Amino acid sequence: MCLLCSLLAVLMVAMATASDEAALLAFKAQINHGGLLASWNRSAGFCSWEGVTCSRRRPAWVVALLLNGTGLAGALSPAIGNLTFLRTLDLSFNSLHGGIPASLGRLQGLYLDDNAFSGTFPVNLSSCVSMNEMVLDNNKIGGRIPAELGEKLTSLTEFSLSNNSFTGHIPASLANLSHLQILDLTSNQLVGSIPPGLESIQNMQYFSLYDNLLSGMLPLSLYNWSSLEVLDVALNMLYGTIPDDIGSKFPKMKALSLSSNHFSGPLPSSISNMSDLTRIFLWKNRFSGYVPPTLGRLGVLQYLNLADNRLEANDNKGWEFITSLANCSRLQILELSVNPLGGQLPGSIVNLSTTLRDLSLTDNMISGVIPAYIGNLVGLTRLVLANTSISGVIPESIGKLKSLIQLGLYNNSLSGSIPPSLGNLSQLNGLIANNGNLEGPIPASLGKLKNLFELDLSMNYRLNGSIPREIFKLPSLSSFLDLSYNSLSGPLPNEVGSLANLNRLILSGNQLFGKIPDGIQNRIVLECLLLDNNSF
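Residues -18 to -1, 1 to 518 in mature numbering (1 follows the signal peptide of the UniProt record, and there is no 0) are what the sequence shown lists, from first letter to last.
Structure, rendered in structure tokens:
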């Protein structure tokens, strides 16, 4: 009897081994692999095949199939479900398409992200009761998220379905996933409210519902996740206020993103108690009041975007936070546009970290002048001070911003001459300074901006003199050149024919005269040419 049992066990193992080989060959038969799976043939044991991992015991069977980022294309054969002991399936970053097979054995890790899988979510995947991680990001899967997942896959620590086409509500059964650490449902079409009862999840670290159609308030249970590091619910229709004690609720928070919703109320000063915060994204809401002056305590803060809210400041109060942000030595982005910020732009803004790359203050009521030492911010790649009441001159020190790529100084009351030091901004792509009170000649030094592809100095009215011929020699000027409605005079230089890639040339409303150079007719990519209201 013992001998018979042994023989039966050997036979069953042999059958399982043969089944594994057959399943792998069936998988290969539906895949365009570009020669990667050439080793997959019966002349060698399948445990030596590319991407195949077998158990250590003998006889061996397949426990993992790891072929991520190997250029595979085609459909995923249902025969993959015949790999009885398969625990990890990683086919991410390929070009696989079609549906996901309904049965995939006893998987613990499933990684099919960054492919082109479509169809609906296979309900039978909920039979993988030992599943720890399921990552299906960046596919074309649609339909509803099955409620069965939350009822059976209670061992899940990561559940990620971002960038798909899922619809319907977030299943309330997800509250049963008590071991969940990562939940990412970003960029789908989910509707309704965030389900309550999530407090049973004790170790949540990453929670993202970014870019859906969700409404309602954030459940109070979310504020019990003391382990949370990333909270991202931006681009929805959520509303409510930020609790005054949020700083004590999330001691490990690194990124807080509530952008493009309907949140309102003041920004609690306790935000500054979340000492690990690197990113605060609150743009396009209805937050009001003053920006907390304690933000400077966030020593590792890198991104602060408060644009498009109802935040206030004036000459008496509200700008203290700018001074405090000088303590944030890693700050890279400061976005304050589209707020009713008033009063003079504080001079302390030049004390911000030299790591600052993006400074934007547009569409507000700021007055005063651009600080003379704005050139201290040598790390800036983008500086936009537009649609404000800022006046005075453009500081000469702006020429020290050698990393600047975009400079926007439009729709202001800036006056005086254009500083020749702008010619030092060798990385500049765009210079937009229209609709102001600039005066005097256009400096020939702008001809040194070899990377410039758009230049707009229109509607300054008191800009005069001739157009420097150096501007017409700029090799990258391709988007547009707009010098309209100034007081420029003289003939149009023959070098205008050198702008081989220019799409739009707008010189209307000046005092230019003489013959239009013949070379302009050879500009075959020119789409818009406006020379009206001159004396050509």
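Heads up, the beta-carbon is just placed ideally off N, CA and C, and yes, glycines get one too.
This structure is a prediction, so every number in the text was calculated from the model and none was measured.
- Pull up the CB-CB distance for residue 287 and residue 304, whole angstroms please, since I reckon it's below 8 Å. Actually they are not in contact, since the Cβ atoms of residue 287 and residue 304 sit about 15 Å apart, beyond 8 Å.
- Any idea what DSSP makes of residue 360, helix, strand or coil? Three-state result, residue 360: coil.
- Task: Look up residue 482 in the DSSP assignment and give the residues it is bridged to.
- Result: Residue 482 is not bridged to any residue.
- Excluding the 5 residues preceding and the 5 following residue 344 in the sequence, name in chain order all residues of the same chain whose CB lies nearer than 8 Å to its CB. Here the set comprises 319, 320, 366, 367, 368, 369, 370, 390.
- With a threshold of 16 other CB atoms inside 10 Å of the CB of residue -8, please say whether the residue is buried or exposed. Because the pLDDT at residue -8 is just 42, under 50, the model does not fix this residue reliably, and the point stays unresolved.
- Query: Which stretch, first to last residue, makes up the alpha helix (DSSP H) that contains residue 303?
  - Reply: 302 to 306
- Three-way DSSP call (helix, strand, coil) for residue 443 in this model: coil
- Query: Whose CA, out of 70, 16, 57, lies closest to the CA of residue 36?
  - Reply: When each option's Cα is compared against that of residue 36, the closest is 70.
- Item | Outcome for residue 496 when other beta-carbon atoms lying within 10 angstroms are tallied against a minimum of 16 | exposed
- Item | Opening and closing residue of the beta strand (DSSP E) in which residue 230 lies | From DSSP, residue 230 is part of no beta strand (DSSP E) but of the alpha helix (DSSP H) over 228 to 231.
- Message: Taking the beta strand (DSSP E) that residue 422 belongs to, which residues open and close that run?
- Response: 419 to 423
- In three-state DSSP terms, what is residue 493? In the three-state reduction of the DSSP assignment, residue 493 falls in the strand class.
- Query: Considering residue 381, what are the terminal residues of the beta strand (DSSP E) in which it resides?
  - Reply: Following the DSSP letters along the chain, one finds residue 381 in no beta strand (DSSP E), marked with neither H nor E.
- Answer yes or no: do residue 372 and residue 350 have a C-beta to C-beta separation smaller than 8 Å? The Cβ-Cβ distance between residue 372 and residue 350 falls below 8 Å.
- Query: When the distance is taken between beta carbons, is residue 152 closer than 8 Å to residue 127?
  - Reply: yes
- Message: Using 8 Å for Cβ pairs, my map puts residue 379 next to residue 414. What's the rounded Cβ distance?
- Response: At roughly 20 Å, the Cβ-Cβ gap does not stay under 8 Å, so residue 379 and residue 414 are not in contact.
- Query: DSSP beta-bridge partners for residue 219?
  - Reply: 197
- Identify, in the order they occur along the chain, each residue of the same chain with its Cβ nearer than 8 Å to the Cβ of residue 228, setting aside the five sequence neighbours on each side. 205, 250, 252, 253, 256
- Query: Any idea what DSSP makes of residue -14, helix, strand or coil?
  - Reply: Only weak support is given to the placement of residue -14: the predicted model assigns it a pLDDT of 47, under 50, and the value that follows is read from those uncertain coordinates. DSSP places residue -14 in the helix class (H, G or I) of the three-state scheme.
- Out of 57, 125, 72, 4, state which residue places its alpha-carbon closest to the alpha-carbon of residue 80. 57
- Whole-angstrom distance between residue 484 and residue 402, CA atom to CA atom: 24 Å
- Task: Return yes when the C-beta of residue 498 is under 7 Å from any heavy atom of the ligand GDP, and no when it is not.
- Result: Only the bare structure without any ligand can be found here, which leaves the ligand GDP out of the picture.
- If I'm right that residue 451 touches residue 482 with Cβ under 8 Å, what's the distance once you round it to whole angstroms? The Cβ separation is near 16 Å, so there is no contact.
- Is it right to say residue 310 is buried, meaning 16 or more other beta carbons lie within 10 angstroms of its own, or is it exposed? buried
- Query: From residue 473 to residue 455, what does the alpha carbon distance come to, in whole angstroms?
  - Reply: 16 Å
- Message: Could you give the first and the last residue of the continuous alpha helix (DSSP H) run that contains residue 413?
- Response: That residue, residue 413, is in no alpha helix (DSSP H); its beta strand (DSSP E) goes 412 to 414.
- Task: Out of 221, 468, 437, 493, state which residue places its alpha-carbon closest to the alpha-carbon of residue 487.
- Result: 437
- Task: Tell me where the alpha helix (DSSP H) around residue 132 begins and ends.
- Result: 130 to 134
- Message: Please give the ranges of any beta strand (DSSP E) in the stretch 83 to 145, keeping only runs that are unbroken, at least 3 residues long and fully inside the region.
- Response: 91 to 93, 115 to 117, 124 to 126, 140 to 142
- Query: Among the residues of its own chain, which have a CB less than 7 Å from the CB of residue 27, if the five just before and after it don't count?
  - Reply: none
- Query: Which of the three DSSP states, helix, strand or coil, is assigned to residue 20?
  - Reply: In the displayed model, residue 20 falls within coil according to three-state DSSP, outside both helix and strand.
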